[in-house]
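In full-length UniProt numbering, the protein residues as written are 1 to 62.
Note that the Cβ used here is the ideal one computed from N, Cα and C, for glycine as well.
Remember, it's a predicted structure, so these values are computed and weren't measured experimentally.
Okay, structure first, notes after.
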């Protein structure tokens, strides 16, 4: 990341954008909104996969 992570409050008048990514070693995701052409970050998540999650394909982890 090249910029500080600032979170905004959700606006009920706009849809949310959920983006996920996973691999055998970690899982991540963001929750965002596009408000008048500006992407607002609402939530970030990342974690290392557990030993019980590692056998799954990344598409199943997402």
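For residue 53, DSSP assigns no beta-bridge partner whatsoever.
Annotated as proximal: residue 10 and residue 42, with beta-carbon spacing under 8 Å.
Judged by DSSP secondary structure, residue 60 falls within the alpha helix (DSSP H) whose first and last residues are 58-61. The three-state reading of DSSP puts residue 43 in strand, counting E and B together. Residue 23 and residue 36 have their C-alpha atoms roughly 33 Å apart.
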